[in-house]
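Chains as they are written, first to last, in numbering that gives the first Met the number 0: chain L, 0 to 106; chain W, 0 to 106.
Each residue gets a CB set at the ideal place from its N, CA and C atoms; glycine is no exception.
Predicted, not measured: the structure shown is a model, and the values here were computed from it.
Below you'll find the structure, written out as structure tokens, and then a few comments.
There are 2 protein chains.
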Amino acid sequence: MNAFDVLGDPVRRRIIELLSEGEQTSGAITATVRAEFGISHSAVAQHLRVLRESGFATVRAEGTRRLYVVDSTPLAEVDVWLEPFRRFWSQRLDALETELARTRRKK
Amino acid sequence: MNAFDVLGDPVRRRIIELLSEGEQTSGAITATVRAEFGISHSAVAQHLRVLRESGFATVRAEGTRRLYVVDSTPLAEVDVWLEPFRRFWSQRLDALETELARTRRKK
DNA sequence: CGACTATGTCAGTTCTAGTTTATATAAGTC
DNA sequence: GACTTATATAAACTAGAACTGACATAGTCG
């Protein structure tokens, strides 16, 4: 599954957000997501699988717990795709910076 | 339809890429996409509709032609979502910069 | 005006992704 | 060893997205 498809699901985006705060057990993630989205534990487990298989997360076993961490590689890919478009919304910022520089020189 | 869902489709991503090079007629876009993906003109028209309705593109009529331009607003939203994660892949760069600064000071 | 071109929409079909319920596995606890 | 907890998977169902083919609208050109 392609990186953009993975991010297409709000539950998965939320899980990635949760993981950005640091390592989380499957159980902790499931509890939060269940509370927020009202879906079954199985649904969450399947989202976790998608995140694993698409490279957005990696897992480490500790006893019966599974500890998930975010892997930023696919996110970086998305960022790269976005890169050429960034000029569209940074144009105004650039213009502002130029203007500020000019004002400063006048002083 | 949410911005991430819109970007989930490869045809739509391609259309956005095409539009980033500047204004394009519906016909031009359709021709390129049909050649690359082998789908019907109707399918392309429907993707264009999604892009319009989700705010990724705006249209201007000129005779019978429709001229599409990219609107970066939803792309910027995606960029904003990505922002907090950027530190993950810029860490290495940051570390490198710190190291360089230290080396410079030693000299 | 009639034929043609550019574009868009509708209806129906197919495929896929997300969900639930039920089941499986393996590690801790008494 | 039986019971519980943590987690994952399988199978079946459903909803919705994407596609095709047919039709609709409106400019353009002879």
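1) Please identify the residue among 13/W, 19/W, 22/W and 41/W whose C-alpha is closest to the C-alpha of residue 31/W.
2) Contact defined as beta carbons within less than 8 Å: I believe residue 15/W pairs with residue 69/W. What is the distance between those atoms, to the nearest angstrom?
3) Which residue spans inside the segment 33–95 of chain L form an unbroken beta strand (DSSP E) run of at least 3?
4) Under 8 Å Cβ to Cβ from residue 35/L, same chain only, skipping five residues before and after it: list those, please.
5) Mind checking if residue 59/L is an interface residue toward chain W, Cβ cutoff 8 Å exclusive?
6) Here's a check: name, in chain order, each residue in its chain whose Cβ is nearer than 8 Å to the Cβ of residue 42/L, leaving out the five neighbours to either side.
7) If we define contact as Cβ-Cβ less than 8 Å, is residue 83/W a contact residue for chain L?
8) Run through chain W and tell me which residues come within less than 7 Å of residue 71/L, C-beta to C-beta.
9) Would you call the segment 79–89 of chain W in contact with the segment 38–56 of chain W, where contact means no fewer than 3 C-beta pairs closer than 8 Å?
10) Looking at the strands, I want to know which residues DSSP matches up with residue 24/W.
11) Against residue 75/W, what residues of chain L qualify as contacts under a CB-to-CB distance less than 7 Å, listed in chain order?
12) Let me know the secondary structure DSSP gives residue 8/W once reduced to three states.
In short:
1) 13/W
2) 6 Å
3) 56–61 and 64–69
4) Once the five neighbours on either side are set aside, the close Cβ partners of residue 35/L are 13.
5) no
6) The residues 10, in chain order, have a CB closer than 8 Å to that of residue 42/L in the same chain once the five nearest residues on each side in sequence are set aside.
7) yes
8) 84, 87 and 88
9) no
10) 66/W
11) 88
12) For residue 8/W, the secondary structure class from DSSP, reduced to helix, strand or coil, is coil.
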